[in-house]
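Visitor: Here it is, the structure in full.
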Amino acid sequence: MKKNSSWPVWPVWPVWPVWVVLVFTLVFSSVSTAQTQGDESENERWFAIDSLNTGLGDVPEEVGRMSPREMVRSFLAFTESEDYATAAHMLNLNDIDPGEQQSQGAELARQLAEVLKRGEWLNASNMSGRQDAVIEDPSGQNPLAGEPQRNIELAALKVEGQAYDVRLGRYRVGEEDPVWLVMPESVSFIPALYEEYGPSMLERYIPERLKVSFGMLKIWEWLAIPIFLIAIGTVGVVTYYVVGLVARILPSGVSTIFADQIGVPMAMIVMSLVTQMLLDYVVSFSAIATTTFRVLLISIMAWGAGTIALRLIDTIMLRMTRRLVGEIDDTKPKDKRRLLTSLYALRRVIILITVIGVSVYVLGQIQLFESLGLSLLASASVLTVLVGIAGQAVLGNILSSFQLSLAKPIRIGDLVIFEGQWCYVEGIFYTFIRLRSWDERRVIVPVTYFTSKPFENLSVKSTKMYRFLELTLHLSADISQVREMFLAYAQEEDNVIEHHKLLCYVTKQTAYAQTVTCYLMTSDPMAGWTAEMNIREKMMAFIRDNHPEWWPREIMVISHEDTARGEGQGKRSQDADSSAGKPPE
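The C-terminal residue of the sequence shown carries number 753 in this note's numbering, and the numbering is unbroken.
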């Protein structure tokens with residue numbers, strides 16, 4: 169069969185070279201990938217360098233640098249014995265010329281030791297004891313648990329508001345064992361940190377024999393701290409009396425009240441400022457004392473500023489109360505009393521915001537949990553349980569006070585009858601309610617106790633109130649005349665309103681007397697009480713002067729006849745006369 173010449177003829181190429189190229193490419197890429205992965209794995213565990221501190225010479229055998237904890241302990245031990253040349257082997261000095269590493273390394277080690285003594289309360293036990301510094305978290309809450317680290321933080325310090333971290337890095341030279349050193353970046357920060365945290369002006373004149381450590385502090389610190397505290401306390405006392413003097417000089421009024429209330433917080437703030445100034449320019453203590461002072465200073469400053477702010481709010485509220493409301497009672501319009509209640513609620517909200525803000529600021533500034541090496545997450549659950557148990561009553565009162573402020577079953581100035589006492593609501597605070605009784609006593613009631621007990625609010629809708637008085641009279645009393653006198657006396661009283669609602673009826677009767685009850689509508693409860701007393705006095709005076717026989721009296725019945733009318737007595741007299749032979753009268 170003859171082939172068709174129209175079909176194309178493809179050349180035949182050898183196939184094996186193509187396969188060789190493909191296999192070579194795959195093998196090379198696999199090797200490269202494995203090499204890359206190996207380098208990345210190594211880089212996660214340490215920093216690979218060609219040389220390390222060539223200008224310092226051989227590393228002494230007693231130097232420990234295999235783990236962060238061992239390195240820190242070695243550094244503290246050598247600097248404590250003033251062997252700064254050996255301590256320099258714990259610093260990565262590769263950024264310094266090898267010819268100057270020996271001289272500069274010892275000086276930098278000395279400066280870093282002074283910084284750590286004063287700037288950070290350093291505890292080697294808080295550092296990782298593993299060579300790879302793997303993050304250990306038995307709770308499993310840290311997502312980086314089990315991961316090795318090649319740089320960790322040793323200390324975090326601030327200079328003029330700028331943060332400086334002293335970090336440790338893990339370095340390996342060739343095939344040697346990796347070691348932990350202070351990183352070059354942190355070494356470059358040491359002079360600036362020493363300028364801030366180094367020996368103070370006063371310390372330069374302290375004899376060397378007093379610089380010996382005695383317990384947690386040095387000898388001179390044990391002597392200086394009491395003197396330091398006495399001086400600061402003197403400043404506080406002087407400030408307190410100066411503020412009191414200013415309060416007496418100011419004219420009587422709201423400003424005087426405000427100045428008289430801020431004496432203690434102002435004294436604490438001045439003490440804190442003076443203490444901070446002395447620590448910055450005159451004297452500097454060891455890290456444990458510095459950390460303690462720093463925590464106290466921040467806390468006192470925050471407390472003082474918050475207290476002054478609250479005193480200012482109270483003063484403004486007092487001025488608004490005097491101007492808008494005046495005396496707190498239920499005679500004021502409902503809108504004014506509602507306004508005053510809202511002001512008290514606003515005060516509690518401001519207090520709550522201030523306390524939360526101050527607490528967050530203090531915790532953020534002192535870095536309490538980080539400094540003490542505690543786990544915030546682990547401690548939060550314990551603190552929550554403790555606060556929930558110990559502060560259950562306090563939290564309940566706070567929530568109840570907010571409930572009263574929102575629902576307003578009572579307002580500032582309302583007249584209430586609580587446990588049988590007439591009281592005005594004088595203040596609603598976080599944990600208690602202050603009531604003013606009718607005899608000017610102050611009744612302090614926990615909020616939860618008040619809300620759990622029934623009470624009468626005589627001012628919830630209107631201040632007007634029905635009052636009544638009762639008179640116990642003889643059965644022979646003329647009720648129409650009693651009613652007429654009651655209406656006349658009631659209409660004379662200014663505090664008696666709605667005269668068409670005046671009523672007077674016999675509401676009770678016994679064999680010897682009757683009870684007459686008179687009802688009257690008054691403008692407010694206290695005025696109604698006064699009107700009731702006045703009308704009762706007038707009614708009693710009218711009966712005493714005009715109809716004394718209307719007063720109830722006990723009657724002794726000695727026969728079946730009514731001795732009160734004299735009939736039985738008259739009959740017995742006639743019988744006696746007849747028996748004696750006398751004619752009846």
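We treat Cβ as the ideally placed atom computed from N, Cα and C, and that holds for glycine.
1. If the criterion is Cβ atoms closer than 8 Å, does the pair Arg286 and Ser454 meet it?
2. Can you tell me whether DSSP reads Lys576 as helix, strand or coil?
3. Taking the beta carbon of Trp348 as the centre, do at least 16 other beta carbons fall within 10 Å, making it buried, or is it exposed?
4. Any chance you could list the beta strand (DSSP E) runs of at least 3 consecutive residues sitting entirely within the stretch 304-348, in chain order?
5. So, for Val414: in the same chain, excluding its five sequence neighbours on each side, which residues have a beta-carbon less than 7 Å away from its beta-carbon?
6. Which residues bound the alpha helix (DSSP H) around Phe654?
7. Across the stretch 415-425 and the stretch 441-451, are there enough close Cβ pairs to call them in contact, namely three or more that are closer than 8 Å?
8. DSSP three-state label for Ser420, please.
9. Where do the ends of the alpha helix (DSSP H) carrying Gln677 lie?
10. With DSSP run on the structure shown, which of helix, strand or coil describes Pro375?
11. Let me make sure I understand the geometry here. Which of Ile578, Ser605, Gln649, Leu637 has the alpha-carbon closest to that of Val615?
12. Could you tell me whether the Cβ atoms of Tyr339 and Phe357 are closer together than 8 Å?
13. Measuring alpha carbon to alpha carbon, tell me which of Tyr598, Thr247, Val593, Asp646 ends up nearest Phe623.
14. In angstroms, rounded to a whole number, what distance separates the CA positions of Ser627 and Ile665?
15. For the candidate residues Asn663, Ile711, His257, Leu280, whose alpha-carbon lies nearest to that of Gly366?
16. Have a look at Gln270 and Thr402 and give me their C-alpha separation to the nearest angstrom.
17. If the criterion is Cβ atoms closer than 8 Å, does the pair Gly337 and Asn260 meet it?
18. In terms of alpha-carbon separation, which member of Ile393, Ile437, Tyr687 lies closest to Arg635?
19. Is the beta carbon of Val451 less than 8 Å from the beta carbon of Leu370?
20. Compute the distance between the beta-carbons of Gln589 and Val611, then report whether it is under 8 Å.
21. Give the straight-line distance between the Cα atoms of Leu508 and Ile580, rounded to the nearest whole angstrom.
22. Is Asn221 helix, strand or coil by DSSP?
23. Going by the beta-carbon positions, is the gap between Asn663 and Ala709 smaller than 8 Å?
24. DSSP state of Lys706, grouped into three classes?
25. Going by C-alpha to C-alpha distance, which of Gln659, Ser620, Gln272, Ala457 sits closest to Trp390?
26. Are His642 and Glu717 closer than 8 Å when you measure CB to CB?
27. Determine the direct distance from the alpha carbon of Gly223 to that of Trp214, and round the result to whole angstroms.
28. Is Ile425 closer than 8 Å to Thr483 when the C-beta atoms are compared?
29. Extract the residue ranges of the alpha helix (DSSP H) inside the stretch 568-627, only unbroken runs of 4 or more that lie entirely within it.
30. Pull up the DSSP beta-bridge partners for Ser381, would you.
31. Could you have a look at Arg721 and say whether DSSP puts it in helix, strand or coil?
32. List the residues that DSSP assigns as beta-bridge partners of Tyr634.
33. For the alpha helix (DSSP H) containing Ala255, list its first residue and its last residue.
34. Could you give the residue range of the alpha helix (DSSP H) that holds Met239?
35. May I have the straight-line CA-CA distance separating Ile524 from Glu321, to the nearest angstrom?
36. Which residues does DSSP list as the beta-bridge partners of Val463?
Guide: The short version:
1. Counted from its first residue, the sequence shown places residue 286 at position 118. Counted from its first residue, the sequence shown places residue 454 at position 286. Cβ atoms of Arg286 and Ser454: closer than 8 Å.
2. Here residue 576 is taken as the residue at index 408 of the sequence shown, counted from 1. It is coil, neither helix nor strand.
3. Residue mapping note: residue 348 aligns to position 180 of the sequence shown, counting from 1. Buried.
4. 319-327, 330-341
5. Taking the first residue of the sequence shown as 1, we reach residue 414 at position 246. Cβ neighbours of Val414 beyond the five flanking positions: Ala427.
6. Translated into positions along the sequence shown, residue 654 becomes position 486. First-last of the alpha helix (DSSP H) with Phe654: 647-660.
7. no
8. Against the sequence shown, residue 420 aligns to sequence position 252. Ser420 falls in the coil class under three-state DSSP.
9. In the sequence shown, counting from the first residue as 1, residue 677 sits at position 509. Counting along the chain, Gln677 falls outside any alpha helix (DSSP H), though it belongs to the beta strand (DSSP E) covering 671-677.
10. The count along the sequence shown starts at 1 and reaches residue 375 at position 207. If DSSP states are grouped into helix, strand and coil, Pro375 belongs with coil.
11. For the purposes of this step, residue 615 is taken as the residue at position 447 of the sequence shown. Of the candidates Ile578, Ser605, Gln649, Leu637, the one whose C-alpha sits nearest the C-alpha of Val615 is Ile578.
12. Residue 339 sits at position 171 when you count from the first residue of the sequence shown. Residue 357 sits at position 189 when you count from the first residue of the sequence shown. Cβ atoms of Tyr339 and Phe357: not closer than 8 Å.
13. Position 455 of the sequence shown, counting from 1, holds the residue named residue 623. When only C-alpha atoms are compared, the closest one is Val593.
14. Taking the sequence shown and counting its residues from 1, one reaches residue 627 at position 459. Taking the sequence shown and counting its residues from 1, one reaches residue 665 at position 497. For Ser627 and Ile665, the distance between alpha carbons rounds to 17 Å.
15. In the sequence shown, the residue the question calls residue 366 occupies position 198. Ranking the options by Cα distance to Gly366, first place goes to Leu280.
16. Along the sequence shown, one-based indexing puts residue 270 at 102. Along the sequence shown, one-based indexing puts residue 402 at 234. The alpha-carbon atoms of Gln270 and Thr402 are separated by roughly 49 Å.
17. The sequence position of residue 337 within the sequence shown is 169, counting from 1. The sequence position of residue 260 within the sequence shown is 92, counting from 1. Yes. Within cutoff.
18. Here residue 635 is taken as the residue at index 467 of the sequence shown, counted from 1. Nearest C-alpha to Arg635: Tyr687.
19. Here residue 451 refers to the residue found at position 283 when the sequence shown is read from its first residue. Here residue 370 refers to the residue found at position 202 when the sequence shown is read from its first residue. The answer is yes: Cβ separation under 8 Å.
20. Stepping through the sequence shown from its first residue, residue 589 is reached at position 421. Stepping through the sequence shown from its first residue, residue 611 is reached at position 443. Yes, Cβ-Cβ distance for Gln589 and Val611 is below 8 Å.
21. The residue given as residue 508 occupies position 340 in the sequence shown. The residue given as residue 580 occupies position 412 in the sequence shown. Approximately 6 Å between the Cα atoms of the pair.
22. To locate residue 221, count along the sequence shown from 1; it is residue 53. Coil, per DSSP.
23. Along the sequence shown, read from residue 1 onward, the residue named residue 663 stands at position 495. Along the sequence shown, read from residue 1 onward, the residue named residue 709 stands at position 541. Contact flag unset, no.
24. Within the sequence shown, residue 706 is the residue found at index 538, counting from 1. If DSSP states are grouped into helix, strand and coil, Lys706 belongs with the helices.
25. Against the sequence shown, residue 390 aligns to sequence position 222. Selected option, being the one with the closest Cα: Ala457.
26. Reading the sequence shown from its first residue, position 474 is the one you call residue 642. Reading the sequence shown from its first residue, position 549 is the one you call residue 717. Yes; because the gap between Cβ atoms is below 8 Å, this pair is in contact.
27. Indexing the sequence shown from 1 puts residue 214 at position 46. Indexing the sequence shown from 1 puts residue 223 at position 55. Using only the alpha carbons, I get a separation of about 22 Å.
28. As a first step, residue 483 must be located in the sequence shown, where it is residue number 315. As a first step, residue 425 must be located in the sequence shown, where it is residue number 257. Yes, they are a contact pair.
29. Within the stretch 568-627, the complete alpha helix (DSSP H) segments of 4 residues or longer fall at 615-620, listed in chain order.
30. Working through the sequence shown from its first residue, we reach residue 381 at position 213. Lys386.
31. Mapped onto the sequence shown, residue 721 falls at position 553. In this structure, DSSP gives Arg721 a state outside helix and strand, which the three-state scheme calls coil.
32. Here residue 634 corresponds to residue number 466 of the sequence shown, with the count starting at 1. Paired residue(s): Met689.
33. Within the sequence shown, residue 255 is the residue found at index 87, counting from 1. Note, Ala255: alpha helix (DSSP H), 252-255.
34. Residue 239 sits at position 71 when you count from the first residue of the sequence shown. Met239 -> alpha helix (DSSP H) spans 236-248.
35. Within the sequence shown, the letter at position 356 stands for residue 524. Within the sequence shown, the letter at position 153 stands for residue 321. Cα to Cα, the separation comes out at about 30 Å.
36. Against the sequence shown, residue 463 aligns to sequence position 295. Per DSSP, none; premise fails for Val463.
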